[in-house]
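Listed in order, the protein sequences are those of chains W and V.
At position 272 of the first sequence the residue is numbered 272 (my numbering), and the sequence of numbers has no breaks.
At position 285 of the second sequence the residue is numbered 1285 (my numbering), and the sequence of numbers has no breaks.
These notes are about the structure you will find just below.
2 protein chains.
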Amino acid sequence: MKRCAIVILLYLPLLAEPLPSWNPGKNRDAIIGFVEKVTTPGTPDFVEPAARIATFDNDGCLWSEQPMYFQLIYAIDRIKATADEHPEWKETEPFASVLKGDTKGALAGGEKGLLKMIAATHAGMTTEEFRAAVSDWLSTARHPKTGRPYNEMIYQPMLELLEYLRENGFKTFIVSGGGIDFMRVFVEDAYGIPPEQVVGSSIAAKYEVRDGKPVLVKTLDSHFIDDKEGKPVGIHQHIGRRPIFAAGNSDGDFQMLEYTTAGDGARFAMIVHHDDADREWAYDRDSHIGKLARGLDEGPKRGWTIVSMKDEWKAIYPASE
Amino acid sequence: MKRCAIVILLYLPLLAEPLPSWNPGKNRDAIIGFVEKVTTPGTPDFVEPAARIATFDNDGCLWSEQPMYFQLIYAIDRIKATADEHPEWKETEPFASVLKGDTKGALAGGEKGLLKMIAATHAGMTTEEFRAAVSDWLSTARHPKTGRPYNEMIYQPMLELLEYLRENGFKTFIVSGGGIDFMRVFVEDAYGIPPEQVVGSSIAAKYEVRDGKPVLVKTLDSHFIDDKEGKPVGIHQHIGRRPIFAAGNSDGDFQMLEYTTAGDGARFAMIVHHDDADREWAYDRDSHIGKLARGLDEGPKRGWTIVSMKDEWKAIYPASE
């Protein structure tokens, strides 16, 4: 039986070339070189499988985030869908603007208005009701530009990277400013990442027994923002060890990449640069979403890999079914 | 190569009888029966491997918890070890009592005093400093009754249960009122549970860059208590799906077992009953630690399995090395 195992191990690498949607070049080589380095036993850079932790931002790193975070589009759609139950919304901001289709007006209230939208669409329901609502939305809503379901606006080259890392013994996590309960509805199907490997922003849940049935109710009693300095905090709380590989796309990921690369031994940090106005979007320093300035300025000096979507990716999204 | 796989699959069940330290009987049969039921494809109770989530309390369920929680013994030992740096402690409670060896006096201040002890021994240091301090302690401290290192006062039958579940495709998690950072120091070696599968109580961490080096500093800015109603909350936050198997030993685990068994399909809930004064400790309804009353009263009616350490376990701890 030993012979079978050896035969399998010998043929496995020949089965498929990794990262087929990545153009050949130094960045693709750098990724493959890093993975080969940390997985080759007996070398100084070898990392035990248990410590092969890879963390990925979600918005703008694994799926698109324009013209605004998809979770915000969900909140807007949800406000419209439940407006009949809330006649008072016609006279109250930010709901009145949302119902008039004036997104800019709805967002004019800043954080305070946003919090009201979250309260109306994310709190006061059980975790199971929330999951069902998001799941319904994903199955019917379509992106205004591409016409695709939102959970099909995921990046084919990143799917291949996730898979390639897992084939090499990595455990892949999402570490995102997005809502943990929101992401968990689709990430297992979309990325092959189970719910227990999702780190995200969250509002508190409260345990209650309603008519003998235990439920978790989403509340605004407290919250955690998994962004910027919050990302290493979320990683420590949830994973409990420092990643050796991290990928992001905005300055909200800076601290995650900094924390990852400050560890001993071989480390890899990667920034997806949105520079493809034809096939996706082009934005960085001046963007209201996914702003990327410090990462572009300091990343290369820190040895981080900046990936050009335009030059390095053969495809953006998976082929439509 | 297909043949090799079939041969391996056929012989695997014969390799070893599961749960060797459990006496034959209805509870051992119930555990094995449950596992066989949820892992047999094509039956109504079959559960996909990804959903085979098992959660275990730690104190009193996987290791001992008498004469007091081992983490509290750590705090007391740590106060003594660092007293030279804090001359003011000689005059301040609860430290003065700790230094006089008067544990009862130290705990007389209730929650307020306890919080001071936690502040002095768990906060104000980086996560790496804390890990090093706990690791040092585990390697030198010995339990007053058994003379064992604390991380060798783990239950042999529970180690076998964890292993048996994992062999059957379960993912095993700790869900404990104990400190998440404290447990993560030893649980991987002790139980084969990696840090990312530990859910526990926690105090907030803060991200800082000190002299160019990123650190996480443990603070008392906020905290989470992973006990009672907090356990389903911690499970949802961390794992994101409901366990199908849960084990505890005290009423602090009641809600975890209630939440677990309220899900659809086959579920298993188990309570370890400390009734073995000779080989371990005997305590339940009137205990100041690990109080178990509601679980004994309601558990059997709810179909939960009450395990007698005295009658069902052939051994308590692993054989000493």
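From the three backbone atoms N, C-alpha and C, an ideal C-beta is built for every residue, glycine too.
What you are looking at is a predicted structure, and each value in this text was computed from that prediction instead of being measured.
Could you tell me which of V:1157, V:1251, V:1148 and V:1096 sits nearest to residue 1298 of chain V, measuring between CA atoms?
Mapped onto the second sequence, residue 1298 of chain V falls at position 298. Of the candidates V:1157, V:1251, V:1148 and V:1096, the one whose C-alpha sits nearest the C-alpha of residue 1298 of chain V is V:1251.
Compare the beta carbon distance of residue 1030 of chain V and residue 1305 of chain V with 9 Å and say whether it is the shorter of the two.
Against the second sequence, residue 1030 of chain V aligns to sequence position 30. Against the second sequence, residue 1305 of chain V aligns to sequence position 305. Going by C-beta atoms, residue 1030 of chain V is nearer than 9 Å to residue 1305 of chain V.
According to DSSP, simplified to helix, strand and coil, what is residue 1314 of chain V?
In the second sequence, the residue the question calls residue 1314 of chain V occupies position 314. Residue 1314 of chain V falls in the coil class under three-state DSSP.
Taking beta-carbon pairs under 7 Å, can you tell me which members of the region 223-243 of chain W lie near chain V?
229, 232, 233, 236, 237, 238, 239, 240 and 241
Of all Cβ atoms in chain W, is any one closer than 9 Å to the Cβ of residue 1127 of chain V?
On the second sequence, position 127 is the one that residue 1127 of chain V refers to. True, the Cβ-Cβ gap to chain W drops below 9 Å.
Return yes when the Cβ of residue 247 of chain W is within less than 9 Å of the Cβ of residue 253 of chain W, no when it is not.
To locate residue 253 of chain W, count along the first sequence from 1; it is residue 253. To locate residue 247 of chain W, count along the first sequence from 1; it is residue 247. Yes, they are a contact pair.
What residues from the region 176-206 of chain W come within 9 Å of chain V, judged by C-beta to C-beta, listed N to C?
180, 181, 184, 188, 194, 195, 196, 197, 198, 202, 204, 205 and 206
Could you spell out the range, first to last residue, of the beta strand (DSSP E) harbouring residue 1327 of chain V?
In the structure displayed, chain V extends from 1001 to 1321; residue 1327 of chain V sits before or after that span and is not available.
Contact check, residue 20 of chain W vs residue 152 of chain W under 8 Å by CB: the rounded distance?
Counted from its first residue, the first sequence places residue 20 of chain W at position 20. Counted from its first residue, the first sequence places residue 152 of chain W at position 152. Not really, about 19 Å apart at Cβ, beyond 8 Å.
Counting only beta-carbon atoms, is residue 1038 of chain V nearer than 9 Å to chain W?
Counting from one through the second sequence, the residue named residue 1038 of chain V turns up at place 38. Not one chain W Cβ lies under 9 Å of residue 1038 of chain V.
Residue 1256 of chain V to residue 1057 of chain V, Cα distance in whole Å?
Here residue 1256 of chain V refers to the residue found at position 256 of the second sequence. Here residue 1057 of chain V refers to the residue found at position 57 of the second sequence. Approximately 9 Å, taken between the alpha carbons.
Mark residue 312 of chain W as exposed unless 16 or more other C-beta atoms lie within 10 angstroms of its C-beta, in which case mark it buried.
As a position in the first sequence, residue 312 of chain W is number 312, starting the count at 1. With 16 or more Cβ atoms within 10 Å of its Cβ, residue 312 of chain W is classed as buried.
Between the region 1170-1189 of chain V and the region 225-232 of chain W, do at least 3 Cβ pairs fall closer than 8 Å?
no
Taking C-alpha atoms, which residue in V:1155, V:1068 and V:1220 lies nearest to residue 1201 of chain V?
If you number the second sequence from 1, residue 1201 of chain V lands on position 201. Taking only the C-alpha atoms, the option nearest residue 1201 of chain V is V:1220.
Who are the near neighbours of residue 1234 of chain V in its chain, counting only those whose CB is closer than 8 Å to its CB and skipping five residues on each side?
Position 234 of the second sequence, counted from the start, is the residue given in the question as residue 1234 of chain V. Within the same chain, residue 1234 of chain V has close Cβ partners 1175, 1199, 1200, 1224 and 1226.
DSSP beta-bridge partners of residue 1210 of chain V
If you number the second sequence from 1, residue 1210 of chain V lands on position 210. Paired residue(s): V:1213.
Nearest neighbour of residue 1079 of chain V, chosen from V:1067, V:1066, V:1065 and V:1102 [CA to CA]:
For this step, residue 1079 of chain V is matched to residue 79 along the second sequence. Of the candidates V:1067, V:1066, V:1065 and V:1102, the one whose C-alpha sits nearest the C-alpha of residue 1079 of chain V is V:1102.
Hey, could you find the ends of the alpha helix (DSSP H) residue 238 of chain W is sitting in?
For the purposes of this step, residue 238 of chain W is taken as the residue at position 238 of the first sequence. 230-238 is the span of the alpha helix (DSSP H), which, as asked, contains residue 238 of chain W.
At the level of alpha carbons, what is the spacing between residue 122 of chain W and residue 1216 of chain V?
The residue you call residue 122 of chain W lines up with position 122 of the first sequence. The residue you call residue 1216 of chain V lines up with position 216 of the second sequence. Taking the straight line from one Cα to the other gives about 30 Å.
Answer yes or no: do residue 1134 of chain V and residue 1181 of chain V have a C-beta to C-beta separation smaller than 9 Å?
What you label residue 1134 of chain V is simply residue 134 of the second sequence in a count that begins at 1. What you label residue 1181 of chain V is simply residue 181 of the second sequence in a count that begins at 1. Yes, these two residues count as a Cβ contact at 9 Å.
Which residues in chain W sit within 8 Å of residue 1156 of chain V, going by Cβ to Cβ distance?
Position 156 of the second sequence, counted from the first residue, corresponds to residue 1156 of chain V. The premise fails here: residue 1156 of chain V is roughly 23 Å from chain W at the closest Cβ pair, so nothing lies under 8 Å.
Would you call residue 1002 of chain V buried or exposed, if buried means 16 or more other Cβ atoms sit within 10 Å of its Cβ?
For the purposes of this step, residue 1002 of chain V is taken as the residue at position 2 of the second sequence. Note that residue 1002 of chain V has pLDDT 49, beneath the 50 cutoff, so the model's placement of it is unreliable and the number below is only indicative. Under this definition residue 1002 of chain V is an exposed residue.
Alpha carbon to alpha carbon, how far is residue 241 of chain W from residue 211 of chain W? Give it in angstroms, no decimals.
In the first sequence, counting from the first residue as 1, residue 211 of chain W sits at position 211. In the first sequence, counting from the first residue as 1, residue 241 of chain W sits at position 241. The alpha-carbon atoms of residue 211 of chain W and residue 241 of chain W are separated by roughly 41 Å.
Tell me whether residue 297 of chain W sits in a helix, a strand or coil according to DSSP, three-state version.
Along the first sequence, one-based indexing puts residue 297 of chain W at 297. Three-state DSSP puts residue 297 of chain W in a helix.
The region 242-261 of chain W: which residues have C-beta closer than 7 Å to a C-beta of chain V, in chain order?
255, 258 and 259
Sub-9 Å separation of residue 1203 of chain V and residue 1317 of chain V beta-carbons:
One-based indexing of the second sequence puts residue 1203 of chain V at position 203. One-based indexing of the second sequence puts residue 1317 of chain V at position 317. Contact flag unset, no.
Starting from residue 1270 of chain V, follow the alpha helix (DSSP H) in both directions and report where the run begins and ends.
Here residue 1270 of chain V is taken as the residue at index 270 of the second sequence, counted from 1. Premise fails: residue 1270 of chain V lies in the beta strand (DSSP E), 1268-1273, not in any alpha helix (DSSP H).
By Cβ distance, which residues of its chain are closer than 7 Å to residue 117 of chain W, with the 5 residues on each side in sequence left out?
Translated into positions along the first sequence, residue 117 of chain W becomes position 117. Taken in chain order, the residues that qualify are 75, 79 and 94.
What are the boundary residues of the beta strand (DSSP E) that includes residue 37 of chain W?
Within the first sequence, residue 37 of chain W is the residue found at index 37, counting from 1. Note, residue 37 of chain W: premise wrong, no beta strand (DSSP E); alpha helix (DSSP H) at 26-39.
List the DSSP bridge partners of residue 172 of chain W.
Residue numbering aside, residue 172 of chain W sits at position 172 when the first sequence is read from its first letter. BP columns for residue 172 of chain W point to W:54.
Contact set between residue 1050 of chain V and chain W, taken where Cβ atoms lie within less than 7 Å
Residue numbering aside, residue 1050 of chain V sits at position 50 when the second sequence is read from its first letter. Per Cβ cutoff of 7 Å: 194.
Mind pulling the chain B residues with CB within less than 8 Å of residue 100 of chain W?
Checking the listed chains, one finds no chain B in this structure; the protein chains it contains are W and V.
Which of the residues in the region 1299-1314 of chain V, read from start to end, lie with their CB under 7 Å from any CB of chain W?
none
Can you name the residues of chain W whose CB is closer than 7 Å to the CB of residue 1216 of chain V?
Along the second sequence, one-based indexing puts residue 1216 of chain V at 216. Ordered by position in chain W, the residues that pass the 7 Å Cβ test against residue 1216 of chain V are 232, 233 and 236.
Helix, strand or coil: which one does DSSP assign to residue 1304 of chain V?
One-based indexing of the second sequence puts residue 1304 of chain V at position 304. Three-state result, residue 1304 of chain V: coil.
Starting from residue 105 of chain W, trace the beta strand (DSSP E) both ways and give me its first and last residue.
As a working mapping, residue 105 of chain W is identified with position 105 in the first sequence. Counting along the chain, residue 105 of chain W falls outside any beta strand (DSSP E), though it belongs to the alpha helix (DSSP H) covering 103-107.
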